[in-house]
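Here the structure is laid out as structure tokens; the discussion comes afterwards.
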Amino acid sequence: MPEKKKKRRFVKPVLLGLLVLAAVIQLVPYGRDHSNPPVTGEPQWDSATTRDLAKRTCYDCHSNETDWPWYSNVAP
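Numbering (my numbering), first residue to last: -5 to 70.
Structure (structure tokens):
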């Protein structure tokens, strides 16, 4: 049997197994709850521009107003 066919016979089942494993892993609950606690206050901003800049660039990670992307629910 040629070497390429032997290799192909080995690689296909391994890749299929890894694909099935990746799909099954998604069924196992993990991580943290992706809900945001209520916003209780806001700092005093020196200007509306500063607030808009912070909201646009920083709030997603550094506030209780995180917008969780779809891939945050994908198991590693």
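Yeah, the Cβ is synthetic: ideal placement off N, Cα and C, and Gly gets one too.
*As assigned by DSSP and simplified to three states, the class of Asp46*: helix
*Assuming Tyr65 and Glu59 form a contact by the criterion Cβ under 8 Å, report the distance between their Cβ atoms to the nearest whole angstrom.*
The pair is not a contact, with the Cβ atoms about 19 Å apart (cut-off 8 Å).
*With distances taken from CA atoms, which of His56, Arg26 and Gln20 is nearest Pro37?*
His56
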